[in-house]
Amino acid sequence: MAFAVTSASSAAVSGSGFPFSSSSYELKAPQKIGSFRLSDRAVNFSQRRCSVRPVNAEPKRSDSVVPFAATIVAPEVAEKVEVEDYEQLAKELENSSPLEIMDRALEKFGNDIAIAFSGAEDVALIEYAHLTGRPFRVFSLDTGRLNPETYQLFDAVEKRYGIHIEYMFPDAVEVQALVRNKGLFSFYEDGHQECCRVRKVRPLRRALKGLRAWITGQRKDQSPGTRSEIPVVQVDPVFEGMDGGIGSLVKWNPVANVQGQDVWNFLRAMNVPVNSLHSRGYVSIGCEPCTRAVLPGQHEREGRWWWEDAKAKECGLHKGNIKDENVNGNGNGALHANGTTPTIPDIFNTENLVTLSRTGIENLARLENRKEPWIVVLYAPWCRFCQAMEASYVELADKLAGSGVKVGKFRADGEQKEYAQRELQLGSFPTILFFPKYSSRAIKYPTEKRDVDSLMAFVNALR
Ligand code: SF4
15 MAFAVTSASS AAVSGSGFPF SSSSYELKAP QKIGSFRLSD RAVNFSQRRC
65 SVRPVNAEPK RSDSVVPFAA TIVAPEVAEK VEVEDYEQLA KELENSSPLE
115 IMDRALEKFG NDIAIAFSGA EDVALIEYAH LTGRPFRVFS LDTGRLNPET
165 YQLFDAVEKR YGIHIEYMFP DAVEVQALVR NKGLFSFYED GHQECCRVRK
215 VRPLRRALKG LRAWITGQRK DQSPGTRSEI PVVQVDPVFE GMDGGIGSLV
265 KWNPVANVQG QDVWNFLRAM NVPVNSLHSR GYVSIGCEPC TRAVLPGQHE
315 REGRWWWEDA KAKECGLHKG NIKDENVNGN GNGALHANGT TPTIPDIFNT
365 ENLVTLSRTG IENLARLENR KEPWIVVLYA PWCRFCQAME ASYVELADKL
415 AGSGVKVGKF RADGEQKEYA QRELQLGSFP TILFFPKYSS RAIKYPTEKR
465 DVDSLMAFVN ALR
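Going by the numbering used here, the first residue of the sequence shown is number 15, and it counts up by one from there.
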């Protein structure tokens with residue numbers, strides 16, 4: 015792994031300050047207020063705050079608290095950015111360690127790259143950056159709804175690494191409008207996207223407009239629905255960097271291939287400060303109202319936006335992860351180039367499972383027609399999540415044969431989709447419903463755990 019050979023004089027250490035008054039901060043002349051000793055990769059600080067180019071803020075706003083924040087000022091890189099084939103680079107680095115990937119990222123982008131720090135286990139990124147011995151920058155999105163424990167971790171991290179996190183805040187006018195119109199908890203009623211857009215995505219967009227690259231803590235094992243194909247480096251498919259336009263920003267994911275347990279082993283081994291919420295069952299940590307602890311064995315993403323469907327569990331920061339399976343825009347599966355729908359074999363095939371027609375499920379939905387409880391999957395045969403649960407659902411049907419609980423399937427894509435969304439709580443595929451014998455309303459299976467034991471526990475709890 016190549017480490018930087020940078021003279022101490024080329025690197026300045028600086029901190030951030032929020033310019034509440036012009037007398038307290040001089041923004042015109044950046045000061046050099048610290049030093050690096052790269053020979054032993056130690057960083058010394060004699061003073062923590064000065065002015066540097068910030069992670070971007072809206073230049074037109076004069077009344078905002080503009081985060082003239084900085085962590086450690088990296089050496090300027092040449093203005094001309096070489097053209098790089100990032101797909102090829104991702105292949106080359108696929109088996110590299112997170113430390114090596116981090117080093118490569120910092121070496122390549124200097125002061126034009128920053129680590130996005132959420133206040134959770136992605137603190138590992140900061141430790142990796144520190145271990146490279148290179149200067150690095152860190153930014154965080156302060157949504158105004160974080161847990162106190164997260165703010166405490168921010169403070170601990172700043173002290174341990176001698177850095178100032180470059181906080182990005184949401185636009186006050188936008189937050190005001192949202193909260194005045196819809197209240198403080200509108201996300202429980204109409205989904206988290208709007209609030210996340212105001213409090214997270216737009217501040218992130220502003221931050222990234224001041225960069226050429228960013229570093230995230232995304233891992234493939236975090237969300238089976240959305241993060242299973244993350245490369246270690248990619249041209250950002252969603253956001254723009256300072257040069258503008260698609261392709262102007264590079265996204266590094268140094269721990270993409272690391273398992274959560276290995277991240278924790280690393281954090282413990284290096285004695286890195288962590289969010290105290292982790293010791294109370296929190297795995298994935300975001301805003302306080304939208305994060306909860308999970309039980310042992312539950313997937314970490316079940317602790318985020320638990321009232322919504324699994325596939326919607328990206329806040330918009332990484333929405334490029336969401337592959338559009340609905341190429342024709344209505345959830346009917348991908349089209350061939352000539353506009354025809356490819357023939358895809360049906361799934362969930364066993365004699366113990368009833369295939370319901372539209373009339374069949376309409377009858378089932380009427381309580382007076384129901385003679386016994388049913389569990390029914392709403393599915394689309396082309397959906398890879400449906401395909402992934404085929405074995406467990408077939409096994410469930412075989413186990414429940416003769417038990418008094420009927421098992422069914424209803425193909426809910428194509429022209430049935432609108433009806434299924436309207437009448438059957440379909441959000442994304444697969445949706446699993448339990449129709450109790452004595453209650454008219456179907457109960458939606460709430461988690462992403464679709465192994466046979468979890469499904470059986472759901473049935474037994476309700477039958
Ligand atoms: Fe709002 Fe929740 Fe999104 Fe935070 S996570 S920005 S509180 S919807």
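Quick reminder that beta carbons are idealized off the backbone N, C-alpha and C, glycines included.
By the criterion of a C-beta distance shorter than 8 Å, Gly158 is surrounded in its chain by Phe183, Pro184, Val189 and Arg213, once the five residues flanking it on both sides are discounted.
Its Cα nearest to that of Leu367, the residue Lys423 stands out among Lys423, Gln232, Thr461 and Val286.
Distances between the C-beta of Pro303 and the heavy atoms of the ligand SF4 include at least one below 8 Å. The criterion of a C-beta distance shorter than 9 Å is satisfied by Val419 and Val473. Phe253 is the residue among Ile229, Gln439 and Phe253 whose C-alpha sits nearest the C-alpha of Pro217. In the structure shown, the three-state DSSP call for Tyr296 is coil.
In this structure, Arg213 has its beta carbon less than 8 Å from a heavy atom of the ligand SF4. Within the stretch 201-275, the runs of beta strand (DSSP E) that reach at least 3 residues and sit entirely inside it are, in chain order, 227-229, 247-249 and 264-266.
DSSP places Ile140 in the uninterrupted alpha helix (DSSP H) bounded by Val137 to Thr146. Not a single heavy atom of the ligand SF4 lies less than 8 Å from the C-beta of His178. Between the stretch 151-167 and the stretch 263-275, the count of C-beta pairs closer than 8 Å stays below three; the two stretches do not touch.
Bounds of the beta strand (DSSP E) holding Lys423 are Lys420 to Arg425. Taking a contact as a CB-CB distance under 8 Å, the pair Phe280 and Ala138 counts as one, their CB atoms being some 6 Å apart.
In the three-state DSSP reduction, Arg194 falls in the helix class (H, G or I). Taking C-beta separations shorter than 7 Å and ignoring five residues to either side along the sequence, the partners of Glu316 in its chain run Val308, Thr461 and Glu462, following chain order. Where Glu121 is concerned, the enclosing alpha helix (DSSP H) starts and stops at Pro112 to Phe123. Per DSSP, Val408 is one residue of the alpha helix (DSSP H) stretching across Glu404 to Leu414.
For Met470, the enclosing alpha helix (DSSP H) has its first and last residue at Val466 to Leu476.
If you draw a straight line from the Cα of Thr373 to the Cα of Glu429, it is about 14 Å long. Approximately 6 Å separates the beta-carbon atoms of Glu386 and Lys451; this is inside 8 Å, confirming the contact. Burial of Tyr100 is indicated by the presence of at least 16 other C-beta atoms within 10 angstroms of its C-beta.
By the Cβ rule, the stretch 222-233 counts as touching the stretch 118-138, because three or more pairs are nearer than 8 Å.
Between Phe153 and Ala221, the gap from beta carbon to beta carbon is short of 9 Å.
The three-state secondary structure of Val390, taken from DSSP, is strand. Pro359 sits exposed, since fewer than 16 C-beta atoms from the chains shown fall within 10 Å of its C-beta. Counting of Cβ neighbours within 10 angstroms places Met284 among the exposed residues, the total staying below 16. The Cβ-Cβ distance between Glu135 and Asn271 does not fall below 9 Å.
In this structure Ile361 touches Cys400 by the C-beta definition: roughly 6 Å separates them, less than 8 Å.
With a cutoff of 8 Å, Cys209 counts as near the ligand SF4, since its C-beta is closer than that to a heavy atom of the ligand. Cβ contact annotation for Asn383 (same chain, cutoff 6 Å, sequence separation greater than five): Asn377, in chain order.
Rounded to the nearest whole angstrom, the C-alpha separation of Asn195 and Thr364 is 51 Å. With fewer than 16 other beta carbons inside 10 angstroms of its own, Gly295 counts as exposed. A residue is called buried once 16 or more other Cβ atoms fall within 10 Å of its Cβ, and Ser417, having fewer, is exposed. Judged by DSSP secondary structure, Ala128 falls within the beta strand (DSSP E) whose first and last residues are Ile127 to Ala130. In this structure, Val247 keeps its C-beta atom at 9 Å or more from the C-beta atom of Gly261. In the DSSP assignment, Leu103 falls within the unbroken alpha helix (DSSP H) covering Tyr100 to Leu107.
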